[in-house]
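Enquirer: Mind having a look at this structure? Questions to follow.
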Amino acid sequence: MRVRVGYNNKVLPYILVAPQILITLVFFIWPASQAIYQAVQRQDPFGLRTRFVGLDNFAAILEDPGYLNSLSVTAIFSLSVAALALGLALLLAVSADRVIRGATTYKTLLIWPYAVAPAIAGVLWMFLFNPTIGSISFVLKALGYNWNHLLDGNQAMILVVLAATWKQISYNFIFFLAGLQAIPKSLIEAAAIDGAGRTRRFWTIILPLLSPTAFFLLVVNIVYAFFDTFGIIHAVTSGGPARATEILVYKVYYDAFEALDLGGSAAQSVILMAIVISLTVVQFRYVERRVHY
Amino acid sequence: MLSRRNLLAAAAVAALATGPAAAQQPVEIQFWHAMAGALNDWVDELAKGYNDSQKKYKIVAVNKGNYTEVMTGAIAAYRAGRAPHIIQVFEVGTATMMAAKGAVKPVYEVMEQAGIGWDPKVYLPAVAGYYTTTDGRMLSMPLNSSSPIFYYNKDAFKKAGLPDVAPKTWSEVRDAAKKLQASGVPCGISTAWPSWVLIENFGAMHNLPMATKENGFGGLDTVFQFNSPAHVTHMERIAEMQKTKEFDYGGRRGDSQVKFTNAECGMYIASSAGLSSILKTAKFDVGFGMMPYWPDLTKGPNGGPQNSILGGATLWVLGGKTPDEYKGVAEFFAHISKPDVQAASHQRTGYLPITLAAYELTQKQGFYEKNPGFEIANKQMTLNPPTPNSKGIRFGNLVQIRDMIEEEMEGVFAGKKAAKAALDSAVQRGNALLRQFERDNK
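Chain order of the listed sequences is W and C.
For the first sequence, the working numbering assigns the number 17 to the initial residue and increments by one for each residue that follows.
For the second sequence, the working numbering assigns the number 61 to the initial residue and increments by one for each residue that follows.
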């Protein structure tokens, strides 16, 4: 017979979860409901006149080609960042896992970028690639390649993807390395004895065993690309040129804080919230099935 | 516990004794501005000059970031009930501030209620007109107004065998650019604030309307028309120059300044407010001139340019403060409008003198003979009596509209969009924003 584990006290469990519920209410449910409330209104910047407009703000957004552009920019940006950051981090983790001498030094160096604030990382990359004074753009120009991300949207996109990826690699690296070290050596040795080469061992043993880590990182990286890259975009391109790097969260910020369109911006954040919730649901329902714990 | 009770008691005593205490403590007046670096020092000294001149009021000048940040910060503070008394708002925010009736206290009201014999006619008409209602009442106090002017690299001009004068027309600019490039300068000309220079001031200088209803002065139901054949031709020609780098786009706002001061571009159009900083950072002799124009596109007098319009910022007073505090604001405004204070500001920064007296004083001091660049903005703005097309622009949502225009221009300069398509799309999207502003402010 199974013994049911639980509390005898009826109140205690509620007290124990109360802080979490309170935090969720204050920092998520309340702001989210405010956003929904603002999304159905139009207001002048000073808040002197407020009108209820129903779904007008949403209709305006969906008709706005700028918003559709922002959607596709976000898709390209976050997929590139997640793919690059995961791929490169895995490559680095596998390499670092093999190193015997000086392993700590390599690991420390690889973790460093994570300590840099996004805005600072952004400014750093902006200066390196500044078309007039940047050292990398200078080298590119010397090689005959004209670098000007102030005018060329594709170059601007490449630049922010690079900067955002560089920032995230360290984080992914730590998790991949920990995951790799948790794989029992005996499994790999057994496979080696059976005659499996390095590549085969990686694809058939290491990668499946790493899949829980990889899945966790995929979710974290997508959320990162959606929200935490704001500082980088703001510092490097401000969404330009010609909106080529205007991701959704940047557009929300711009419309509210620079254009002072509070209703429209609130409506966008409601849509953004829906997108992220559904992305997460999809990941947990469908991608997670392929993960072996 | 005892000590806290003591504190409370002391606070209560202090509260009861406000009478004599208030006589000694100056009334603080919060002033939020966007001036950074050397210009921040300038504002600090303006406040100090006023604070030292009397004991009753104290101006507390605080830098709150760039123009947009000051405005949005003040709006947020107003909504939270802790607004400052004075905020510096760029000309782009004028329509938003004008529409905020109740949140803003018009300057003419502040000055009249303070009863300090104030005459709005002392201000330069070109400046004051921008911030005045159609029935002649001044809404905000001019502080730092500027206009774009033309800069050129004298050393590079000499090396390229060009005469030491600023080109007058765009065709001359083009010829100069070709010669500069032949002598090894990578780019001919670049510009700061692309929409302000290439659309807004282009329209004023060529006497072409940017929109109906006197460029928005006549009402909120204004409609854009900056996609006229003349505008399209202008944009096409600049785009053509972009291909050969006779013109080279260098980003929005002042991002391109380094292209000029680094000697990458031999010519530059930027605000007169950039004068001191350009003179300080350029390692070559800088020459000045008026903005170039296209003789075949201008509708100005005798085929010449009409006049340029201004940028920069003014001081707006927010509502909900005490009469005593407003008196302090009024006296501060009167102080900064004094001819000597104003002339010193103008000579220090490159911003326009905002009163006629300050302009005349500067002339009398012989300042312009030694510093020719400082007079150009003023001359250019007063070239001819302003027409409805050239007295200025006033549009709601202008922050967004300007970004949108620049976005479309970026498309043209990157070779992705034809000039006509880009301007048509900017006009169409701009009109949508104008209509939205009209609805929100009815």
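A virtual CB, placed ideally from N, CA and C, is assigned to each residue, including glycine.
This one's a predicted model, so the numbers in the text were calculated from it and none came from an experiment.
Between the region 135-149 of chain W and chain C, which residues of the former have a C-beta closer than 9 Å to a C-beta of the latter?
Expert: So the close ones are N146, P147, T148 and I149.
Enquirer: Whose Cβ in chain W lies nearer than 8 Å to the Cβ of E467/C?
Expert: Neighbours of E467/C on chain W, chain order: G256, P257, A258 and R259.
Enquirer: So L421/C packs on S207/C, CB below 8 Å; how close in whole Å?
Expert: Rounded, the Cβ-Cβ distance is 20 Å, inconsistent with contact.
Enquirer: Are the beta-carbon atoms of Y127/C and F150/C separated by less than 8 Å?
Expert: In this structure, F150/C lies closer than 8 Å to Y127/C by Cβ.
Enquirer: For a contact meaning CB atoms closer than 9 Å, what does T132/C contact in chain W?
Expert: Within chain W, the residues near T132/C are P61, A272, F273, E274 and L276.
Enquirer: Which of the three DSSP states, helix, strand or coil, is assigned to A271/C?
Expert: If DSSP states are grouped into helix, strand and coil, A271/C belongs with the strands.
Enquirer: Looking at P254/C and E468/C, is the spacing between their C-beta atoms short of 8 Å?
Expert: Going by C-beta atoms, E468/C is not nearer than 8 Å to P254/C.
Enquirer: Compare the C-beta of L159/W against all C-beta atoms of chain C and say whether one is closer than 8 Å.
Expert: Not one chain C Cβ lies under 8 Å of L159/W.
Enquirer: Grab me the residues of N501/C's own chain with a C-beta within less than 8 Å of its C-beta, minus the 5 sequence neighbours each way, in chain order.
Expert: The answer, listed in chain order, is A159, L280 and G456.
Enquirer: When you compare the region 140-153 of chain W with the region 106-120 of chain W, are there three or more beta-carbon pairs, one atom per stretch, that lie closer than 8 Å?
Expert: The region 140-153 of chain W is not in contact with the region 106-120 of chain W.
Enquirer: Leaving out five residues on either side along the sequence, give the residues of the same chain with a beta carbon under 6 Å from the beta carbon of T181/W.
Expert: Once the five neighbours on either side are set aside, the close Cβ partners of T181/W are V97, L100 and A101.
Enquirer: Mind listing the chain W neighbours of E324/C? Cutoff is C-beta to C-beta under 8 Å, in chain order.
Expert: Within chain W, the residues near E324/C are T148.
Enquirer: My parser needs the alpha helix (DSSP H) runs of 4 or more residues fully inside the region 127-206 of chain W; what are they?
Expert: Listed in chain order, the complete alpha helix (DSSP H) runs (minimum 4 residues) inside the region 127-206 of chain W are 134-145, 151-158 and 169-197.
Enquirer: Determine the burial state of K26/W: buried for a count of at least 16 other Cβ atoms within 10 Å of its Cβ, exposed for fewer.
Expert: So K26/W ends up on the exposed side.
Enquirer: Do the region 270-279 of chain W and the region 188-204 of chain W meet, that is, are 3 or more Cβ pairs less than 8 Å apart?
Expert: Contact between the region 270-279 of chain W and the region 188-204 of chain W is absent, because fewer than three Cβ pairs lie under 8 Å.
Enquirer: Kindly say whether Y309/C, judged by its beta-carbon, lies nearer than 8 Å to any beta-carbon of chain A.
Expert: This model lacks chain A altogether; the protein chains it does include are W and C.
Enquirer: Within this structure, are the beta carbons of F93/W and A241/W separated by less than 8 Å?
Expert: Against a cut-off of 8 Å, the Cβ pair of A241/W and F93/W comes out as a contact.
Enquirer: Rounded to whole angstroms, how far is the Cβ of A30/C from the Cβ of N204/C, which I believe are closer than 8 Å?
Expert: Because chain C in this structure spans residues 61 to 502, residue 30/C falls outside the shown range and cannot be described.
Enquirer: For V170/C, which of G379/C, I436/C and G490/C has the nearest alpha-carbon?
Expert: Of the listed residues, the one whose Cα sits closest to V170/C is G379/C.
Enquirer: Are any of the Cβ atoms in chain C nearer than 8 Å to that of G169/W?
Expert: Output row for G169/W: interface = yes.
Enquirer: Any beta carbon of chain W sitting closer than 8 Å to that of R142/C?
Expert: No, its Cβ sits nowhere closer than 8 Å to a Cβ of chain W.
Enquirer: In whole angstroms, what separates the C-alpha of K123/W from that of G310/C?
Expert: For K123/W and G310/C, the distance between alpha carbons rounds to 40 Å.
Enquirer: Which first and last residues belong to the alpha helix (DSSP H) in which P399/C is found?
Expert: Where P399/C is concerned, the enclosing alpha helix (DSSP H) stretches over P399 to T409.
Enquirer: Roughly how many whole angstroms lie between the Cα atoms of F497/C and T120/W?
Expert: Straight-line Cα distance between these residues: approximately 59 Å.
Enquirer: Is the Cβ-Cβ distance between N367/C and P446/C less than 8 Å?
Expert: The answer is yes: Cβ separation under 8 Å.
Enquirer: Measure the beta-carbon distance from K305/C to G248/C and round it to whole angstroms, keeping in mind my assumption that it falls under 8 Å.
Expert: Between G248/C and K305/C the Cβ distance is about 7 Å, and since that is below 8 Å, they are a contact.
Enquirer: Among P365/C, F473/C and H406/C, whose alpha-carbon lies nearest the alpha-carbon of K228/C?
Expert: Comparing Cα positions, the closest option is P365/C.
Enquirer: What residue does the beta strand (DSSP E) around F320/C start on, and which one ends it?
Expert: First-last for F320/C: Q317 to T321, but that is the alpha helix (DSSP H), not the beta strand (DSSP E).
Enquirer: Buried or exposed for E391/C, please, with buried defined as at least 16 other CB atoms from any protein chain shown within 10 angstroms of its CB.
Expert: Label assigned to E391/C: buried.
Enquirer: Counting contacts by CB-CB distance shorter than 8 Å, is L78/W in contact with chain C?
Expert: So no, L78/W is outside the interface.
Enquirer: On the premise that K319/C lies in contact with S250/C, defined as a C-beta separation below 8 Å, what is that separation, rounded to the nearest angstrom?
Expert: The pair is a contact, with the Cβ atoms about 5 Å apart (cut-off 8 Å).
Enquirer: For A342/C and chain W, any beta-carbon pair shorter than 8 Å?
Expert: Chain W contact via Cβ: absent.
Enquirer: Out of A134/C, S336/C, G244/C and I89/C, point me to the one whose CA is closest to V346/C's CA.
Expert: Measuring from the Cα of V346/C, the nearest candidate turns out to be S336/C.
Enquirer: Could you check the C-alpha separation between K451/C and N438/C for me, to the nearest Å?
Expert: Going by the C-alpha atoms only, they are around 14 Å apart.
Enquirer: Using a beta-carbon distance below 8 Å, is L64/W in contact with chain C?
Expert: Closer than 8 Å: yes.
Enquirer: Please list the residues of the region 162-189 of chain W that have a C-beta atom closer than 9 Å to any C-beta atom in chain C, keeping them in chain order.
Expert: Those would be N164, L166, L167, D168 and G169, in chain order.
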